[in-house]
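Colleague:
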Amino acid sequence: MPYPELDVPIRILLGPGPSMVHPRVLRAMATPLIGHLDPAFFQMMGEVQALLRYTFQTKNWFTVVIPGTGSAGMEAALANFIEPGDSVLICVNGYFGERMFEMALRYGAQVHRLDKPWGEIFTPEEVDKALREHPSKLVAIVHAETSTGVLQPLEGLAEVVHNHGALLLVDTVTSLGGVPVKVDAWDLDIVYSATQKALNAPPGLAPLTLSQRAEEALKERQTPVRSWYLDLTLHSKYWGAERAYHHTAPISMMYALREALRIIDEEGLERRWRRHERNAQLLWEGLEDLGLELYVPEEYRLPTLTTVRVPEDVNERYARRRLLEDYNIEIAGGLGALKGKVWRIGLMGYAARRENVLMLLAAMKHILQK
Ligand SMILES: *Cc1c(COP(=O)(O)O)cnc(C)c1O
Numbered sequence: 021m022p023y024p025e026l027d028v029p030i031r032i033l034l035g036p037g038p039s040m041v042h043p044r045v046l047r048a049m050a051t052p053l054i055g056h057l058d059p060a061f062f063q064m065m066g067e068v069q070a071l072l073r074y075t076f077q078t079k080n081w082f083t084v085v086i087p088g089t090g091s092a093g094m095e096a097a098l099a100n101f102i103e104p105g106d107s108v109l110i111c112v113n114g115y116f117g118e119r120m121f122e123m124a125l126r127y128g129a130q131v132h133r134l135d136k137p138w139g140e141i142f143t144p145e146e147v148d149k150a151l152r153e154h155p156s157k158l159v160a161i162v163h164a165e166t167s168t169g170v171l172q173p174l175e176g177l178a179e180v181v182h183n184h185g186a187l188l189l190v191d192t193v194t195s196l197g198g199v200p201v202k203v204d205a206w207d208l209d210i211v212y213s214a215t216q217k218a219l220n221a222p223p224g225l226a227p228l229t230l231s232q233r234a235e236e237a238l239k240e241r242q243t244p245v246r247s248w249y250l251d252l253t254l255h256s257k258y259w260g261a262e263r264a265y266h267h268t269a270p271i272s273m274m275y276a277l278r279e280a281l282r283i284i285d286e287e288g289l290e291r292r293w294r295r296h297e298r299n300a301q302l303l304w305e306g307l308e309d310l311g312l313e314l315y316v317p318e319e320y321r322l323p324t325l326t327t328v329r330v331p332e333d334v335n336e337r338y339a340r341r342r343l344l345e346d347y348n349i350e351i352a353g354g355l356g357a358l359k360g361k362v363w364r365i366g367l368m369g370y371a372a373r374r375e376n377v378l379m380l381l382a383a384m385k386h387i388l389q390k
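So for the sequence shown, our numbering puts the first residue at 21; every next one is plus one.
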């Protein structure tokens, strides 16, 4: 018996990712393939780099796209700047900081953790103190912690890190394209993101950019990067003038990313950030009107991802099932320490729209009343 044609439900994706993909991006993905060494593809790579520099707010020459999801970006960032025995400092206040810690250990670093309770932020003073106690080559921190809904302030942090002679590595997976990310103004060294959150392309690519300082550190490595696939020096020979084959670029995903970035460029970052802020405010007010309590204090609440406490008398998973099955809306439950305790609601890029917020609030009201 033949299998039927693929038929999936049409969902409103308001979880922590993947986010909703703009129809223009889906159309771009249907473009016929060309080769990864075709001059027309090289030209397109150049356009993607230029658009990414705008989105990251940087002039960094080393601005590339890693094949793989956000975790590939994370792994490339850590693998290339850790040599066995290197001392590194990882800031952990959520699930993704924990993942960075785990990866750094696997690459043979001597890893120091700076821990804060889930839902809190780090201050430059705390990082300074930790670096005094544990001099390190690298400091890694998550800008938008998708597990908690916290936006980590980054202004002033690089100065502290650089004063200790270290590099600053930042995860901007859930911030890029939704809230301000200013790589040059904030003097960040190693920064990566992912396509399926506020950039609104499918999962599968991880944009990554390196400061001059980071590029120099890469050149000074004494040992080869343990991951051949994620070796950034090899990637740079494909993205740079040599155009040397390293891996087959995911062609259709590059079409998707180009279109997603073009949409961001058309809207303009400032307007896009304001749109996220406005719709997040609407969501926050609406959730509080429903009698729900937001998990993160407003001053460092993340517009792209909101965490809200599940009331004691509500079955967390059942409520989410109802949202999905009766309203076609996806949100997520808590991760790790927040499992069963919060819902996570994403408003990312294309999905950060007034009508989506109002529809979700109406659906939640119905479900909570029952
Ligand atoms: C989603 C996410 C990642 C991991 O990305 P994958 O695409 O799932 O591999 C890393 N960091 C943060 C902050 C994320 O939200």
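Even glycine gets a Cβ: it sits at the ideal position worked out from N, Cα and C.
Which whole runs of the alpha helix (DSSP H) in the segment 155-186 are 4 residues long or more, in chain order?
Modeller: Within the segment 155-186, the complete alpha helix (DSSP H) runs of at least 4 residues are 177-183.
Colleague: Can you confirm whether D333, when its beta carbon is compared against all beta carbons of chain D, has any partner nearer than 9 Å?
Modeller: Absent here is chain D; the protein component of the structure consists of one chain.
Colleague: Pull up the distance between the alpha-carbon of A269 and that of H56, whole angstroms please.
Modeller: Your numbering for residue 269 matches position 249 in the sequence shown. Your numbering for residue 56 matches position 36 in the sequence shown. The straight-line gap from Cα to Cα measures roughly 6 Å.
Colleague: From the DSSP output, which residues share a beta bridge with W206?
Modeller: Counted from its first residue, the sequence shown places residue 206 at position 186. Bridge partners of W206: none, in fact.
Colleague: Measuring alpha carbon to alpha carbon, tell me which residue in K157, P144, V201 is nearest H163.
Modeller: Locating residue 163 in the sequence shown gives position 143, counting from the first residue. The candidate whose alpha carbon is nearest that of H163 is V201.
Colleague: Exposed or buried, which one is A339 when buried takes at least 16 other CB atoms within 10 Å?
Modeller: Here residue 339 refers to the residue found at position 319 when the sequence shown is read from its first residue. So A339 ends up on the buried side.
Colleague: Give the secondary structure of T324 by DSSP, where H, G and I count as helix, E and B as strand, and everything else as coil.
Modeller: Taking the sequence shown and counting its residues from 1, the one referred to as residue 324 is at position 304. If DSSP states are grouped into helix, strand and coil, T324 belongs with coil.
Colleague: Quick check on this structure: which residue in Q389, L388, P323 has the alpha carbon closest to the alpha carbon of G35?
Modeller: Position 15 of the sequence shown, counted from the start, is the residue given in the question as residue 35. Nearest C-alpha to G35: P323.
Colleague: Tell me, please, which residues DSSP counts as bridged to A226.
Modeller: Start at 1 with the first residue of the sequence shown, and residue 226 comes out as number 206. Per DSSP, I86.
Colleague: I want to check one thing, is the minimum distance from the CB of V112 to the heavy atoms of ligand 1 below 8 Å?
Modeller: Here residue 112 refers to the residue found at position 92 of the sequence shown. For ligand 1, not one heavy atom lies less than 8 Å from the Cβ of V112.
Colleague: In angstroms with no decimal places, state the Cα-to-Cα distance between E319 and I102.
Modeller: Position 299 of the sequence shown, counted from the start, is the residue given in the question as residue 319. Position 82 of the sequence shown, counted from the start, is the residue given in the question as residue 102. Using only the alpha carbons, I get a separation of about 34 Å.
Colleague: For L367, tell me which candidate among G37, L26, A276 has the shortest Cα-Cα distance.
Modeller: Residue mapping note: residue 367 aligns to position 347 of the sequence shown, counting from 1. Nearest C-alpha to L367: G37.
Colleague: At the level of alpha carbons, what is the spacing between L219 and A234?
Modeller: Here the question's residue 219 lines up with position 199 in the sequence shown. Here the question's residue 234 lines up with position 214 in the sequence shown. Roughly 25 Å separates the two Cα atoms.
Colleague: Cα-Cα, which of R342, N376, L355 is closest to L388?
Modeller: Taking the first residue of the sequence shown as 1, we reach residue 388 at position 368. The candidate whose alpha carbon is nearest that of L388 is R342.
Colleague: Would you say I32 and A371 are within 9 Å of each other, going by their C-beta atoms?
Modeller: Start at 1 with the first residue of the sequence shown, and residue 32 comes out as number 12. Start at 1 with the first residue of the sequence shown, and residue 371 comes out as number 351. Cβ atoms of I32 and A371: closer than 9 Å.
Colleague: Who are the near neighbours of A178 in its chain, counting only those whose CB is closer than 7 Å to its CB and skipping five residues on each side?
Modeller: As a first step, residue 178 is located in the sequence shown; it is residue number 158 there, counting from the start. Contacts found: L188, W206, D207, L208.
Colleague: Compute the Euclidean distance between the alpha carbons of R263 and E279, then round it to the nearest angstrom.
Modeller: For this step, residue 263 is matched to residue 243 along the sequence shown. For this step, residue 279 is matched to residue 259 along the sequence shown. Their Cα atoms are separated by approximately 23 Å.
Colleague: Please write down, chain order preserved, every residue whose beta carbon lies under 7 Å from a heavy atom of ligand 1.
Modeller: So the residues near ligand 1 by this Cβ test are P36, G37, T89, G90, S91, A92, M94, F116, R119, V162, A164, E165, T166, D191, V193, T194, A214, Q216, K217, P223.
Colleague: From the DSSP secondary-structure annotation, give me the bridge partner or partners of G366.
Modeller: The residue labelled residue 366 in the question sits at position 346 within the sequence shown. Beta-bridge pairing links G366 to L325.
Colleague: Please classify D191 as buried or exposed, where buried requires at least 16 neighbouring CB atoms within 10 angstroms.
Modeller: Counting from one through the sequence shown, the residue named residue 191 turns up at place 171. Looking at its Cβ environment, which holds 16 or more other Cβ atoms inside 10 Å, D191 is buried.
Colleague: Measuring only the C-alpha atoms, how far is L289 from Y23?
Modeller: Sequence index remark: in the sequence shown, residue 289 carries index 269 (1-based). Sequence index remark: in the sequence shown, residue 23 carries index 3 (1-based). Their backbone Cα atoms lie some 44 Å apart in a straight line.
Colleague: Using CA atoms only, rank isn't needed, just tell me which of R152, K149, R119 is closest to I161.
Modeller: As a first step, residue 161 is located in the sequence shown; it is residue number 141 there, counting from the start. The option with the nearest alpha carbon to I161 is R119.
Colleague: Rounding to the nearest angstrom, what Cα-Cα distance links V316 and D106 in this structure?
Modeller: As a working mapping, residue 316 is identified with position 296 in the sequence shown. As a working mapping, residue 106 is identified with position 86 in the sequence shown. In a straight line, the C-alpha of V316 is about 34 Å away from that of D106.
Colleague: For the alpha helix (DSSP H) containing L254, name the first residue and the last one.
Modeller: One-based indexing of the sequence shown puts residue 254 at position 234. Looking at the DSSP string, the run of the alpha helix (DSSP H) that includes L254 is 252-259.
Colleague: Over the uninterrupted beta strand (DSSP E) stretch that includes S107, give me the two end residues.
Modeller: Locating residue 107 in the sequence shown gives position 87, where the first residue counts as 1. Note, S107: beta strand (DSSP E), 107-112.
Colleague: Enumerate, from N- to C-terminal direction, the unbroken alpha helix (DSSP H) stretches of 4 or more residues contained entirely within the segment 281-349.
Modeller: Correct list: 289-309, 336-347.
Colleague: My guess is that R44 and I283 are in contact by the Cβ rule of under 8 Å, so how many angstroms apart are they, rounded?
Modeller: For this step, residue 44 is matched to residue 24 along the sequence shown. For this step, residue 283 is matched to residue 263 along the sequence shown. Indeed, because the Cβ distance is near 6 Å, the residues count as touching under 8 Å.
Colleague: What does the Cβ neighbour count give for P222, buried or exposed, with the cut at 16 atoms within 10 Å?
Modeller: Here residue 222 refers to the residue found at position 202 of the sequence shown. Buried, because 16 or more other Cβ atoms sit within 10 Å of the Cβ of P222.
Colleague: Considering only the alpha carbon of each residue, which of D58, L26, P59, M65 lies closest to T276?
Modeller: Taking the sequence shown and counting its residues from 1, one reaches residue 276 at position 256. According to the sequence shown, residue 276 is Ala rather than Thr. When each option's Cα is compared against that of A276, the closest is M65.
Colleague: Report the CB separation of V203 from T166 in whole angstroms; it is logged as a contact under 8 Å.
Modeller: Translated into positions along the sequence shown, residue 203 becomes position 183. Translated into positions along the sequence shown, residue 166 becomes position 146. That belief does not hold up - the Cβ atoms of V203 and T166 are roughly 20 Å apart, past 8 Å.
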